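*Asks:* Please see the structure below; I have some questions.
Protein chains in written order, with this note's numbering: chain A, 1 to 375; chain B, 1 to 332; chain C, 1 to 164; chain D, 1 to 152.
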């Protein structure tokens, strides 16, 4: 690894210069602004300037009834909109004490996991594209397209699904959906060989990722990192296991972890997670119970006064909805704990000492969504 | 009055002989060939990339979109050429002009067939090396003059990269030159009438192809442009036809590098059934296809790895190869 | 359902927190309904002592946020651990509007950004914070958007009348 | 990265590395001869699924050969973006109201589908039209009752 120079070693006027990476840059996944202090091509200090896509979702929530916040929830993390949407519904259900039918919970699991696979595929392939390989990105896109088509058949939308409703889901899934999902699972399992040959085994990819951007366990804990980024650092923590929501307690799956904490570990964790998600989908479809898909809830709900915190695992980490209700139809306060927010902040700790090219790799491997950070 | 009767013209004609005619006609042909060739190669690149990525590539203009690059060229000519306010204007203007010089000059010595060569030089190979280094200069000029940090980083990378990769490039060429005892390109080609140098010198051939990919700044060595890091590298600030000139130079350099590889290792114009030029162009385009294919397969190296690869892998191996070649030739 | 380990940890936590911050009110809460196991509420003191206690037990700071209760702020810290025995601890600190609290960013680095966000939206000036600047809102903004007196739209009132 | 970098490892890395590169090139070459997977959009058109969420439309019911909208305005009030405006009319005094004009500003619609969910008469549905392009913002404001007349 490169030896990190401290500011004291360098005559500032001569050697350091600042580079604005973003807000308009091909590899910042949206509008994120890195203010880098560089020594040659080595980053000495990195500061992330965020807020370019701040839309004030939390303030919006205070100005609309609970139902009207459905579309907002998916627009925070547009890559795992289904998970955010479902999570919001579950948070409000927890607040109101609504019991969701089992079939609806299973459908939520199936759609959320499909969404997670789609998000991970994009995350992994975007990371590979940041390193410079464009073709694997489009192969991943090809797989992701099947999921989007599949979800479109039941939700009618491709990114901002808006599918979950308080007390259940909007549309039931049928046999054709299950058959296409099974076909996708079979196809996806075969595709792992392609990804391993084309990307994981590639010597350039290995050289670019192994030992780059190491997040140690302690740093991860200190900075509140969650999700695949945390599991890549060797911490076995997944909300789906630790606090099973929906019906994750019914399924048999593993939490893949890697000890190394570098870009490669995070990449491998994501690929392994896709595999586990496929397992969950398969189990859920095999044991799909019959019954109603929506509990009998009023058209507009009025939760009792009080507060609740609901945590769930999105494709990027542990998301939390903290809702304070004052007993009216409008939330008094709605706070979203965005995993990308903390995951991004850790970059200011680990980037110094790396090249600009590594910054792109690390940023890709942490896989943040900017609208989720900015909310 | 007959112009040729003038003493000065007579002197020039006497000095140049029939070469003048060949020179003028050849230059015209090169001037026509270079833009058309690069337009064709852009189309090839987009088509190959498309099919590798399971999509058809350009399809709209002409059959299978073959006229797409010509239309794009027309569009680029109509575009405004923006010069940044803080740019070094003369240098900024000169860089794209200089970058096409090696693209044109190098064609002078390439033997497309036994008869199709504009000028036979005793040091043809050296001329190509000498002139292709100019492209590094123009990249440096463009990157510096843009007054953009991304461009500057790209330019600095370009210089370091071209220095590092010229050494193994020359060393691998040297082993061929030792074998045919000549810097003359036609001599090297005619020496391969029975066995290609690729069979005799496989290591040198592979190193040559790798280094020429790096010299022409193609992926996986395209750190000079490195889209995901440096936006567009040295030509970030260039627009319109100036940008197109950089592209033209890049694709022509690709073609020249492939032609060099054909001359040095793949038997030049030699081949059954067809005439020499057909074989030569086929081989050159196949090598171009290989570089395009490589580009759309691999990730990009990091800068220190690029340097390590040149200094720790390519240079030792090519030196070793040269040494072995020299010993074998001496012994035989 | 709480496991044995969770119960034990809860008891320990309760005792230790009560010892380190005697003036606080600590109570167990229904996880199924609220999503947290332990509720810790105090007025204006103790957030750093709690943070240190949590850090020593390898708890993770999940989020920091605030709620504007017109007359005062409630600052909310959520802690969660990665171990087998998962406990979520909700720490509520009531602070008057004119008396800003201390930062916990010396204990948890994550809090640097989380508290910046709270400052950005509520204008709570955390004491001893290393880098208290705007984060999501523009640098030159002169408003704190999540305060209750900011930007209450008239449309909402209309909806309220019609639906309630 | 690795300080103890032996010669054996160096040679091995060159060979394994080259092998991995050749495998990668083989994969891309194979893909080059596979059929394309993209839809050539203006020439081929994708078929929309039955649940596709386009802009909203009124359903023509068989019994009345028209919509069932009673202009209750619930959709207008639920809409998070406030893009719906319904105008009702009574044919004669004491009769039920029916929807005469139903404006939706599609340029601001977030296609959440709350209006369809909430409609007490279930007279709204999603259109499967996806090629909606306008020359001005005002063209995005459409009267779905008028569109219903056109469909009849």
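All C-beta atoms, glycine included, are put in the ideal place defined by N, C-alpha and C.
None of these values were measured; they are calculated from a predicted model.
Determine the direct distance from the alpha carbon of residue 231/B to that of residue 89/B, and round the result to whole angstroms.
*Replies:* Rounded to the nearest angstrom, the two C-alpha atoms are 22 Å apart.
*Asks:* If you count every other CB in all the chains shown that lies within 10 Å of the CB of residue 118/B, and 16 or more means buried, which is it?
*Replies:* Buried, because 16 or more other Cβ atoms sit within 10 Å of the Cβ of residue 118/B.
*Asks:* Which residues, in chain order, does the region 129–149 of chain B contribute to contact with chain A at a C-beta distance below 7 Å?
*Replies:* Going along the region 129–149 of chain B in chain order, one finds 149 with a Cβ nearer than 7 Å to chain A.
*Asks:* Using a Cβ-Cβ cut-off of less than 9 Å, list which residues of the region 11–44 of chain C approach chain A; keep chain order.
*Replies:* Hits within the stretch, in order: 31, 32, 33, 34, 35 and 36.
*Asks:* Identify whether residue 96/B lies in helix, strand or coil by the three-state DSSP scheme.
*Replies:* Note: residue 96/B maps to helix in three-state DSSP.
*Asks:* Assuming residue 76/A contacts residue 111/A under a Cβ cut-off of 8 Å, what Cβ separation, rounded to an integer in Å, is found between them?
*Replies:* So it is not a contact: roughly 17 Å between Cβ atoms.
*Asks:* Please report how far the alpha carbon of residue 17/D lies from the alpha carbon of residue 314/B, in whole angstroms.
*Replies:* Straight-line Cα distance between these residues: approximately 14 Å.
*Asks:* My assumption, with CB atoms under 8 Å, is that residue 46/D sits in contact with residue 39/D. Please give the rounded CB distance.
*Replies:* Sure, about 6 Å apart at Cβ, within 8 Å.
*Asks:* Is the region 21–33 of chain C in contact with the region 54–63 of chain C, if contact means three or more CB pairs nearer than 8 Å?
*Replies:* The region 21–33 of chain C is not in contact with the region 54–63 of chain C.
*Asks:* Is there at least one Cβ from chain D nearer than 8 Å to residue 328/B's Cβ?
*Replies:* So no, residue 328/B is outside the interface.
*Asks:* What would DSSP say about residue 2/D, mapped onto helix, strand or coil?
*Replies:* For residue 2/D, the pLDDT reaches just 47, beneath the cut-off of 50, and the residue's location in the model is therefore unreliable, although a value from the coordinates is still provided. Looking at residue 2/D - three-state DSSP - the assignment turns out to be coil, as it is neither helix nor strand.
*Asks:* I think residue 108/D touches residue 83/D, with their Cβ atoms under 8 Å apart; what is that distance to the nearest whole Å?
*Replies:* With a Cβ gap of about 5 Å, residue 108/D and residue 83/D count as contacting.
*Asks:* Near residue 91/A, which residues of its chain fall below 6 Å by C-beta distance, leaving aside the five closest residues on each side in sequence?
*Replies:* Contacts found: 310, 321 and 323.
*Asks:* Give, in chain order, every unbroken run of the alpha helix (DSSP H) that is at least 4 residues long and sits entirely within the region 270–304 of chain B.
*Replies:* Correct list: 276–295.
*Asks:* Buried or exposed, going by whether 16 or more other CB atoms sit within 10 Å of the CB of residue 123/D?
*Replies:* Burial call: buried.
*Asks:* DSSP on residue 120/A, reduced to helix/strand/coil?
*Replies:* Here residue 120/A sits in helix by DSSP.
*Asks:* Would you mind stating whether residue 135/A and residue 108/A have Cβ atoms separated by less than 8 Å?
*Replies:* No, the pair does not count as a contact, with Cβ atoms beyond the cut-off.
*Asks:* Please name the residues in the region 298–323 of chain B whose beta-carbon is closer than 9 Å to at least one beta-carbon of chain D, in chain order.
*Replies:* Going along the region 298–323 of chain B in chain order, one finds 298, 312, 313 and 317 with a Cβ nearer than 9 Å to chain D.
*Asks:* Does the beta carbon of residue 1/D sit closer than 8 Å to a beta carbon anywhere in chain A?
*Replies:* Because residue 1/D sits at a pLDDT of 44, beneath the cut-off of 50, its placement in the model cannot be relied upon, and the point is left open.
*Asks:* Does the beta carbon of residue 68/D come closer than 8 Å to any beta carbon on chain A?
*Replies:* Closer than 8 Å: no.
*Asks:* By alpha-carbon positions, which one of 113/C, 71/C, 78/C and 96/C ends up nearest to residue 307/A?
*Replies:* Cα-wise, what sits closest to residue 307/A is 78/C.
*Asks:* Quick test of your reading: residue 155/D and residue 64/D, contact by CB under 8 Å. State the CB separation rounded to the nearest angstrom.
*Replies:* Outside the displayed range of chain D (1 to 152) lies residue 155/D, so it cannot be described from this structure.
*Asks:* Please tell me whether residue 164/B has its Cβ less than 8 Å away from any Cβ of chain A.
*Replies:* Cβ-Cβ to chain A under 8 Å: no for residue 164/B.
*Asks:* So the candidates are 56/C, 113/C and 145/C; which of them puts its Cα closest to the Cα of residue 130/C?
*Replies:* Per the Cα distances, 113/C.
*Asks:* I'd like the ranges of any alpha helix (DSSP H) spanning at least 4 consecutive residues and lying wholly in the region 170–206 of chain B.
*Replies:* DSSP runs (the alpha helix (DSSP H)) wholly in the region 170–206 of chain B: 185–191 and 197–200.
*Asks:* Among 84/C, 136/C, 103/C and 19/C, whose alpha-carbon lies nearest the alpha-carbon of residue 8/C?
*Replies:* Minimum Cα distance to residue 8/C is reached at 84/C.
*Asks:* Ignore the nearest five residues each way along the sequence and tell me which others in residue 80/C's own chain have a CB closer than 8 Å to its CB.
*Replies:* Closer than 8 Å at the Cβ level, and outside the excluded window around residue 80/C, lie 59, 60, 62, 86, 87, 88 and 89.
*Asks:* Could you pull out every residue in the same chain whose Cβ sits closer than 7 Å to the Cβ of residue 146/C, ignoring the five residues on either side in sequence?
*Replies:* The answer, listed in chain order, is 68, 121 and 122.
*Asks:* How close, in whole Å, do the beta carbons of residue 135/B and residue 99/B come, if the pair is a contact with beta carbons under 8 Å?
*Replies:* Correct: roughly 6 Å between the Cβ atoms.
*Asks:* If the cut is a Cβ gap below 8 Å, which residues of chain A does residue 58/C touch?
*Replies:* 221, listed in chain order.
*Asks:* List the residues of chain E that residue 294/B touches, going by C-beta distances under 8 Å, in chain order.
*Replies:* Structure shown: chain E not included; protein chains present are A, B, C and D.
*Asks:* Can you find the residues in the same chain that come closer than 7 Å, C-beta to C-beta, to residue 119/C, ignoring five residues on each side of it along the sequence?
*Replies:* Correct list, in chain order: 125, 126 and 132.
*Asks:* So is residue 106/B buried or exposed if we call it buried at 16+ other beta carbons inside 10 Å?
*Replies:* Residue 106/B is buried by the Cβ-count criterion.
*Asks:* With a cut-off of 8 Å on the beta carbons, I'd call residue 50/A and residue 373/A a contact; round off their distance for me.
*Replies:* Yes, residue 50/A and residue 373/A are in contact; Cβ-Cβ is about 5 Å, under 8 Å.
*Asks:* Do you know how far the Cα of residue 266/A is from the Cα of residue 231/A?
*Replies:* C-alpha separation (whole angstroms): 7 Å.
*Asks:* List the residues of chain A that residue 95/C touches, going by C-beta distances under 8 Å, in chain order.
*Replies:* Going along chain A, no residue has its Cβ under 8 Å from residue 95/C, so there is no contact; the nearest lies around 16 Å.
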